Every structure is written in C-alpha cells, then in structure tokens.
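The structure appears right after this line, and notes come after that.
Residue numbers (full-length UniProt numbering): 1 to 191.
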C-alpha cells in the first residue's frame, strides 16, 4: 500500500468514525446535546405562549374589522363636525392621578354659544379598556346643578383606559374621548 492510499484510507476511516450517521458517539457530544436542549426549550416556550394567546384572547378583534374601522372613521368625522356646529363650551373634570379601586368624582359641564347652561341632557361615561373588552363598563351621569353633571366610580384594573363621554340634548349629540392611566396604589414604608 502506498502513502497516498494510506492517507486516503486514514481520511476515510476518520470521516466514517466521526461524521457518519451510524456513529453513536456524535449524539453524546455536549455541543450537540446543548443545541438540542436550546431548540427544545425554544419550542416549549413558543407552545406555551401560543396556548396563553389562545386561552386569554379578549376578543377585541371583530370579524368585520375593516368595515367597522371605516364606519368609525366616518363617525369620528361626523362627531367632530357636530361638535364644532354645536359651539358648546365644555369641560371634563378628571382626577389628576387615578388610583386603582379608589372611588373618585368625575364631572362634566357645558354651556351653549350664548352662555346658557345645557340642562336635562342624557350624559354617560363609557369606559373602555383597550386590552380587555370584558372590563368595559358604562356609568350614567346625574345633573347636580344647571349645566353641571357628576358621577362617582372606580377603575377595577390598572393601566390605560379610554373615557368616552356622550351627551344627548334634544337633537344635539356631543362626543368626546380622553385616554387616561390608572395607577397602582403606592404603599408607604414604615420607618
């Protein structure tokens, strides 16, 4: 056997012993096992996240989202035009810092373009939680003085909320939306 054949046979036996699929030693290599472990963890975590996403779906996306979006855009434009035509002077009083589960007072006041108070209107606050449709609620607002309406309520969950004000006064309708944040209560540490 010449030197070239010996080298070729050595290379062949090296590749067969180290790179062959029949080699059982390759599956015991720590790098290979670490790679398999990382892939397994990645797949398990993804399946867990997919399970959480399916089981905790708040149902915020409707089947006809495109049509509803176009309708909402048209409604916003209509509400804006109506609000400008009404020429009311309005004010919403919302606490500066809203704390979770703390009852606060919310007020709305309105006067028309002549300075006359808007009386006997149907006023409601609709409170939307963008991340959880099941937490939404509606609060009726009572008139406590001419042109002044008030209600008291608390927010049951922390985070972002949309306060949608709707006022119906005869044939006139007024809409206003404001995004607020609800904070966790702070605890004071004992000295």
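The C-beta atom is built at its ideal place from N, Cα and C for all residues, glycine as well. None of these values were measured; they are calculated from a predicted model.
Expected contact under 8 Å - CB spacing of residue 89 and residue 110 to nearest Å: Yes, residue 89 and residue 110 are in contact; Cβ-Cβ is about 7 Å, under 8 Å.
Is residue 121 helix, strand or coil when you go by DSSP? Here residue 121 sits in coil by DSSP.
Evaluate residue 33 with the Cβ neighbour count: other Cβ atoms within 10 Å of its Cβ, from every protein chain shown; 16 or more gives buried, anything less gives exposed. With fewer than 16 neighbouring CB atoms inside 10 Å of its own CB, residue 33 falls in the exposed class.
Would you check if there are 3 or more beta carbon pairs closer than 8 Å linking the stretch 126-139 to the stretch 96-105? No contact exists between the stretch 126-139 and the stretch 96-105.
Between residue 199 and residue 173, what straight-line distance do the alpha-carbon atoms span, to the nearest angstrom? It is not possible to answer for residue 199, since the shown part of the chain is limited to 1 through 191.
Which partner residues of residue 151 appear in the DSSP bridge assignment? Bridge partners of residue 151: 106.
Output needed for residue 147: all residues of its chain with C-beta closer than 7 Å, excluding positions within five of it in sequence on either side, in chain order. Only residues of its own chain outside the window of five on either side were considered, and among them 109, 110, 111, 117, 118, 119 have a CB closer than 7 Å to the CB of residue 147, listed in chain order.
Look at the Cβ atom of residue 193, then the Cβ atom of residue 79, and state whether they are nearer than 7 Å. No statement about residue 193 is possible, as the shown extent of the chain runs from 1 to 191 and does not include it.
Beta strand (DSSP E) containing residue 53: first to last residue? Per DSSP, residue 53 lies in no beta strand (DSSP E); the unbroken alpha helix (DSSP H) holding it starts and ends at 30-55.
Kindly identify the DSSP beta-bridge partner or partners of residue 159. Paired residues: 182.
Residue 90 - containing beta strand (DSSP E), residue span: It spans 89-93 - the beta strand (DSSP E) in which residue 90 sits, taken as one unbroken run.
Excluding sequence positions up to five away, which residues of its chain have a Cβ less than 7 Å from the Cβ of residue 27? Cβ within range, chain order: n/a, list empty.
DSSP-derived helix/strand/coil call for residue 96: Residue 96 carries a coil assignment under DSSP once its states are collapsed to helix, strand and coil.
Candidates 46, 178, 163, 92, of which the one nearest residue 138 by Cα: Among 46, 178, 163, 92, the Cα nearest to that of residue 138 belongs to 163.
Please identify the residue among 153, 73, 85 whose C-alpha is closest to the C-alpha of residue 124. Selected option, being the one with the closest Cα: 153.
Look at residue 177 and residue 106 and say whether their C-beta atoms are less than 7 Å apart. Contact flag unset, no.
Can you name the start and end residues of the beta strand (DSSP E) that residue 138 belongs to? Following the DSSP letters along the chain, one finds residue 138 inside the beta strand (DSSP E) bounded by residues 137-145.
CA nearest to the CA of residue 92, picked from 185, 39, 187, 180: It is 180.
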